[in-house]
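K.L.:
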Amino acid sequence: MKIDFLRYRFFAYGMSLILVLGSIFLLFTKGLNLGLDFTGGTVLEVKFDKNPPIGKLREALKDAGLESFLLQETQDGTFIVKLREGEKVSEAEKVLGKFGKHTLLRKEKIGSVISGELKEKAILAVLTALVGILIYIAFRFKPLWGAGAILALVHDVVVVIGAYSLTFREVNLEVVSAILVVAGYSVADTVVIFDRIRENLKIRKNLPLKEVMNLSINQTLSRTIMTSLTTFATSFTLFILGGYALSNIMFAFVVGVVVGTFSSVFVASAFVLDLSGRFSGGAPAVQESQEV
Amino acid sequence: MKNANYHALGFILLLILSLIAVFYRPVNLGLDLKGGISMVIEPDFAYAIKLEYERLERNIYKKLKEKNFKILDITPYENRIEIEYLEKDELQAIEKLIKESFEGVELERVQEGILVVRFSEQFIDRFRRDLLEQTIEVLRNRIDELGVAQPVITKLGGSRILVELPGYLDIERAKRVIGSTASLELRLVVDSSTDKRELEKKLTKDTEILPSKEGGEWFLLDKIPVVSGADLKTAYQSVDEYGQPAVSFELKSEAASKFGDFTQKNVGKRLAIVLDRKVVSAPVIRSRISSRGQITGLFTREEVRDLALILRTGSLPVSIKFLQEKVIGPSLGRDAIEQGIKAGILGFILLVIIVVVRYKVAGVSATVSILMNGLLLWAGLALLGATLTLPGIAGIILNMGIAVDSNVLIFERVKEELRLGNSLRKAIELGYRKTWSAVWDTHVTLLVAALILFQFGSGPVKGFATTLAVGTLASFISNVYYAKVFLDLLSKRRMLKI
Chain S
22 MKIDFLRYRF FAYGMSLILV LGSIFLLFTK GLNLGLDFTG GTVLEVKFDK NPPIGKLREA
82 LKDAGLESFL LQETQDGTFI VKLREGEKVS EAEKVLGKFG KHTLLRKEKI GSVISGELKE
142 KAILAVLTAL VGILIYIAFR FKPLWGAGAI LALVHDVVVV IGAYSLTFRE VNLEVVSAIL
202 VVAGYSVADT VVIFDRIREN LKIRKNLPLK EVMNLSINQT LSRTIMTSLT TFATSFTLFI
262 LGGYALSNIM FAFVVGVVVG TFSSVFVASA FVLDLSGRFS GGAPAVQESQ EV
Chain D
219 MKNANYHALG FILLLILSLI AVFYRPVNLG LDLKGGISMV IEPDFAYAIK LEYERLERNI
279 YKKLKEKNFK ILDITPYENR IEIEYLEKDE LQAIEKLIKE SFEGVELERV QEGILVVRFS
339 EQFIDRFRRD LLEQTIEVLR NRIDELGVAQ PVITKLGGSR ILVELPGYLD IERAKRVIGS
399 TASLELRLVV DSSTDKRELE KKLTKDTEIL PSKEGGEWFL LDKIPVVSGA DLKTAYQSVD
459 EYGQPAVSFE LKSEAASKFG DFTQKNVGKR LAIVLDRKVV SAPVIRSRIS SRGQITGLFT
519 REEVRDLALI LRTGSLPVSI KFLQEKVIGP SLGRDAIEQG IKAGILGFIL LVIIVVVRYK
579 VAGVSATVSI LMNGLLLWAG LALLGATLTL PGIAGIILNM GIAVDSNVLI FERVKEELRL
639 GNSLRKAIEL GYRKTWSAVW DTHVTLLVAA LILFQFGSGP VKGFATTLAV GTLASFISNV
699 YYAKVFLDLL SKRRMLKI
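Residue numbers (my numbering), protein chains in the order written: chain S, 22 to 313; chain D, 219 to 716.
(1) Can you tell me where the beta strand (DSSP E) with Gly-511/D in it begins and where it stops?
(2) Hey, is Ser-549/D's beta-carbon within less than 9 Å of any beta-carbon in chain S?
(3) Do the CB positions of Gln-96/S and Val-102/S come within less than 9 Å of each other?
(4) At a CB-CB cut-off below 9 Å, which residues of chain S make contact with Phe-229/D?
(5) Taking a contact to mean a Cβ-Cβ separation below 9 Å, would you say Ser-446/D touches Leu-594/D in this structure?
(6) Do you know offhand how far Ser-505/D's Cα is from Arg-405/D's?
(7) Taking the beta carbon of Val-216/D as the centre, do at least 16 other beta carbons fall within 10 Å, making it buried, or is it exposed?
(8) Skipping 5 residues on each side, what residues in its chain have a beta carbon closer than 6 Å to that of Thr-685/D?
(9) May I ask which residues mark the beginning and end of the beta strand (DSSP E) holding Ile-131/S?
(10) Mind checking whether Val-198/S and Ala-159/S have CB atoms under 9 Å apart?
(11) Along the chain, where does the beta strand (DSSP E) that runs through Asp-424/D open and close?
(12) Which residues of chain D have a Cβ atom closer than 8 Å to the Cβ of Asp-216/S, listed in chain order?
(13) Can you tell me whether Asn-277/D is buried or exposed, with buried defined as 16 or more other CB within 10 angstroms of its CB?
(14) Between the Cα of Ala-400/D and the Cα atoms of Tyr-279/D, Asp-524/D, Thr-690/D, which residue gives the shortest distance?
(15) If we define contact as Cβ-Cβ less than 9 Å, is Thr-149/S a contact residue for chain D?
(16) If you follow the alpha helix (DSSP H) that Gln-482/D is in, where does it begin and where does it stop?
(17) Classify Leu-428/D as helix, strand or coil using the three-state DSSP reduction.
(18) Let's see if you can read the secondary structure: which residues bound the alpha helix (DSSP H) around Tyr-460/D?
(19) List, in chain order, every chain D residue whose beta-carbon is nearer than 7 Å to that of Met-271/S.
(20) Does DSSP put Leu-728/D in a helix, a strand or coil?
(21) Can you give the Cα-Cα distance for Pro-369/D and Ile-361/D, rounded to whole angstroms?
(22) Just the Cα atoms here: how many angstroms apart are Tyr-336/S and Arg-643/D?
(23) Would you identify the three-state DSSP class for Ala-400/D, choosing helix, strand or coil?
(24) Against chain D, does Leu-47/S count as a neighbour if the rule is that its beta carbon must be under 9 Å from one of theirs?
(25) When the Cα of Ser-410/D is compared with those of Arg-394/D, Lys-487/D, Gly-581/D, which residue comes out closest?
(26) Just reading off the beta strand (DSSP E) that Ser-256/D is part of, what are its end residues?
(27) List the residues of chain D whose Cβ lies closer than 8 Å to the Cβ of Ile-224/S, in chain order.
(28) Does the segment 119 to 133 of chain S come close enough to the segment 642 to 656 of chain D that 3 or more CB-CB pairs lie under 8 Å?
(29) Spatial neighbours of Phe-694/D within its chain, please: C-beta separation below 6 Å, excluding the five flanking residues on both sides.
(30) For Gly-62/S, name the three-state secondary structure that DSSP assigns.
(31) Compare the beta carbon distance of Val-202/S and Leu-349/D with 9 Å and say whether it is the shorter of the two.
(32) In chain S, which residues lie with their C-beta within 9 Å of the C-beta of Val-622/D?
(33) Leaving aside the five residues before and after Ala-526/D along the sequence, list all residues of the same chain whose C-beta is less than 6 Å from its C-beta, in chain order.
(34) Compute the distance between the beta-carbons of Lys-373/D and Ser-430/D, then report whether it is under 9 Å.
(35) Looking at the C-beta of Ile-538/D, does it have a partner C-beta in chain S at a distance below 9 Å?
(36) Take Val-175/S and list the residues in its own chain whose beta-carbon comes closer than 8 Å to its own, dropping the five residues that flank it on each side.
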């Protein structure tokens, strides 16, 4: 079996462009459902003995004079009320009390001092991760190849964030860490393919780059599919069965694995191929791969 | 081949150690899985430092007066003291005196006639550290009295305290007991009135005005208390003469004799009981009182019980702020664990099906390596004393996928080498050697990502990062040591088909 992947790269470019632009568009229009970690405020999660209609509950909260709040019914059948700092928590609790018997599952209150710091820390962690990966890539590959891997990574991260915006799932600290792991995963995936291209370029010196790339992608294809399949299988079961909090974290992996597989096959290699004519591309390796 | 034997031996030793670790050291469950209260607390440092400057100002004033220096005025601010002197010739002598008498102060001549005194940075650092330690000490005593099993009370960075009360859900009471400064003072009443302005006319340097607890009345009081919280030996619930709930206290012997003398001298005057800078009551001193006293004018039985508890455990050095509060009901964590286990088992079964269908016998080997990886991971968590959190569960299950990845990478390569006409032994050898750098890369990138996550520092994410880091190491070990040995063994016995 041999598929000429790179022939379809312009189709892939188009798809990636739509996904990335769509994600950016969503980010600017719909925005993100930022978690309490980043916004500060109070969140109440309750489980009713008998669930009231969510619309009625929302109306009642509005009538009680609450302005900046978010009401959500989770897949577990619990209700989450998120209140901005300064909103009256006791009013919300009173309203919930009117809708029948319920148990308080959790109540969290985070002051703006902490949430501001957490936001800073999250941004710092993302930047550190990117710089760390950049250093690693620069150490392993020539600049153009590094750029390809980084492009694939940014592509994956943007699309995952876009997916959170589209589904309006909560983005909290745990989700940010999950996205960082997706970034690591995406790079690893790309590196495996690049590794193979590097190896093949050494053996088949007379083959054009495009052919070598196609060959390498095909050779690693079953590995790519198997790994994606196993990671997808574990994250998807947790996404379906894990309950609200876990499934919220796992969503990043479910989307990330699919997009990451796509991008390491199409985006990273195709980008290098199309630009290597312009710049002197050549072999990706700056150093020999380690041998045991 | 000898090498492989060593690898096998090392791996078996590691497994035995892991099994011992798993059986003898349970992994702690995080608060998000157990339920309970978690709070982040910060002492009001700025206020404490301001008070420290006021104290220093009084002492400097006394010292300078003793030596008869000509001082126009001396004023404490939030971050400095300003001394206005009259004679320029005296400046050097003043500076010398202050430097010799007080530790940790720095002097600065800002302009003609004004000398600024500041605490040095080291002093402030030490002061903050001490304050944090004292606060933690008091909190620990109070939480012990609340009767919470295995509470966590630790420093969080340089200025905060993390308090976790597993299994305790009454946050209102926890906040009341933890958060009351409970600075109890007995002070002599100079005058009282319902009109604050009237009292302000009589205000001097040694007195101050405080409100009554119910409001509506004001008291002019001596600044220096006769008795303060530190003088208490114990405090307990009692009832007053009308049968209302009250708190009785006993003084330490030294304070008791001082108090005895004071009350004897001031019979007929009023003594204010001041709690957290509010006057609770102000009874008239009828006779000499020495060691015992009673605080009345309180409200419910519960308030009395908690006040006695707080007084008994000492007052906080300074008031505290709650930066973050969480109450997590026990059912949330129970459900999460249950769902996690269910998803974990199902995910594992799916994995086994996938690898066995594709790799047959080698797939079984991969399955064993996932189990090994899980064992190593769990043992690692137990030995590190790590806490398992909700995201940690996600990390463990995700780790199964990562552990199988290296197996896949290697098997696929072995298959390829077989197709090229290599013998099985040779194909295994080549498969390992040629995938080594890719295996190395995937583990390093994940490990780097996990280590960066540690920066977040907060509980749940740290749990995630820990499981990810330990899991990545476990996966590396089980791949390097176990997988190859197992494949070699199978191929020798001609049991392997890929």
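Cβ coordinates follow ideal geometry from the N, Cα and C atoms, glycine included. This structure is a prediction, so every number in the text was calculated from the model and none was measured.
P.N.:
Well, looking at it:
(1) Counting along the chain, the beta strand (DSSP E) containing Gly-511/D begins and ends at 510 to 513.
(2) yes
(3) no
(4) Those do not exist, as Phe-229/D stays about 17 Å from chain S at its closest Cβ, beyond 9 Å.
(5) No, these two residues do not count as a Cβ contact at 9 Å.
(6) Rounded to the nearest angstrom, the two C-alpha atoms are 16 Å apart.
(7) Residue coverage of chain D in this structure runs from 219 to 716, which leaves residue 216/D outside it and unanswerable.
(8) Gly-610, Gly-613, Ile-614
(9) Looking at the DSSP string, the run of the beta strand (DSSP E) that includes Ile-131/S is 123 to 131.
(10) A quick correction: the sequence has Ser, not Val, at residue 198/S. Cβ atoms of Ser-198/S and Ala-159/S: not closer than 9 Å.
(11) From DSSP, Asp-424/D is part of no beta strand (DSSP E); its letter is neither H nor E.
(12) Ser-655, Ala-656, Asp-659
(13) Burial call: exposed.
(14) Asp-524/D
(15) yes
(16) 471 to 483
(17) Looking at Leu-428/D - three-state DSSP - the assignment turns out to be strand.
(18) No alpha helix (DSSP H) contains Tyr-460/D, which DSSP labels as neither H nor E.
(19) Ala-612
(20) This structure cannot settle anything about residue 728/D, because the visible part of chain D is limited to 219 through 716.
(21) 8 Å
(22) What is shown of chain S runs 22 to 313, which leaves residue 336/S out entirely.
(23) coil
(24) Leu-47/S does not count as touching chain D.
(25) Lys-487/D
(26) 254 to 261
(27) Near Ile-224/S there are no residues of chain D at all, since even the closest Cβ is about 11 Å away, more than 8 Å.
(28) With the cut-off at 8 Å, the segment 642 to 656 of chain D and the segment 119 to 133 of chain S do not touch.
(29) His-661
(30) strand
(31) no
(32) Met-247, Thr-248, Thr-251, Thr-252, Thr-255
(33) Ala-453, Tyr-454, Gln-455, Val-465
(34) no
(35) Using a CB distance cut-off of 9 Å, Ile-538/D does not count as an interface residue toward chain S.
(36) none
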